[in-house]
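Participant: Numbering (the working numbering), first residue to last: 564 to 728.
Each residue gets a CB set at the ideal place from its N, CA and C atoms; glycine is no exception.
Please read all numbers here as calculations on a predicted model, not as lab measurements.
Structure below; questions to follow.
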């Protein structure tokens, strides 16, 4: 069955250090084979169709650290992704939030995402859920933990981002 014409078009941006799982979240949500370069997905929300264009900053560490004001202001939603097993990735997200969160338009929905929450060995987790939640609360944004590996909260985070726009 063909997807109907969309009612809304939203641009989403994934930001985070290399290796935190942005591309894995992106591909898991789009449900496409690795190697196919697509960034659009149409979803149904509240009986309306929303087309999402998702920009993954994969492999572009300089872009992540130097995202221009125009770039993130063009986005309707931003996922700020860190790896729960990597303290430095959490510190970089905190730094981006501290420097840039107030430069984004109030209309830009932002969600903090702790990825790789599927870690079997809790000793590998270095960023507890409570620290992610505390940062999100301090910034007035939503927080979710995800796992692209197990599909935990992957759809939820994209739907939450789109519905908050």
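Applying the criterion that 16 or more other CB atoms from any shown protein chain within 10 Å of the CB defines a buried residue, is residue 713 buried or exposed?
Facilitator: Here the question's residue 713 lines up with position 150 in the chain shown. Exposed.
Participant: What separation, rounded to the nearest whole angstrom, lies between the Cα atoms of residue 677 and residue 725?
Facilitator: In the chain shown, the residue the question calls residue 677 occupies position 114. In the chain shown, the residue the question calls residue 725 occupies position 162. About 18 angstroms.
Participant: Take residue 693 as the anchor and find which of 681, 708, 682, 703 has the nearest alpha-carbon.
Facilitator: Position 130 of the chain shown, counted from the first residue, corresponds to residue 693. Out of 681, 708, 682, 703, 708 has the C-alpha closest to the C-alpha of residue 693.
Participant: Can you tell me where the beta strand (DSSP E) holding residue 677 begins and where it ends?
Facilitator: As a first step, residue 677 is located in the chain shown; it is residue number 114 there, counting from the start. Run containing residue 677: 672–678, per the beta strand (DSSP E) assignment.
Participant: Closer than 6 angstroms by C-beta to residue 592: which residues in its own chain qualify, once you throw out the five before and the five after it? Chain order, please.
Facilitator: By one-based count along the chain shown, residue 592 stands at place 29. So the list reads 717, 721, once near-sequence residues are dropped.
Participant: Whole-angstrom Cβ separation of residue 662 and residue 710, contact assumed at under 8 angstroms?
Facilitator: Taking the first residue of the chain shown as position 1, residue 662 is located at position 99. Taking the first residue of the chain shown as position 1, residue 710 is located at position 147. Not really, about 28 angstroms apart at Cβ, beyond 8 angstroms.
Participant: Whole-angstrom Cβ separation of residue 638 and residue 575, contact assumed at under 8 angstroms?
Facilitator: Taking the chain shown and counting its residues from 1, one reaches residue 638 at position 75. Taking the chain shown and counting its residues from 1, one reaches residue 575 at position 12. Confirmed, Cβ separation roughly 6 angstroms.
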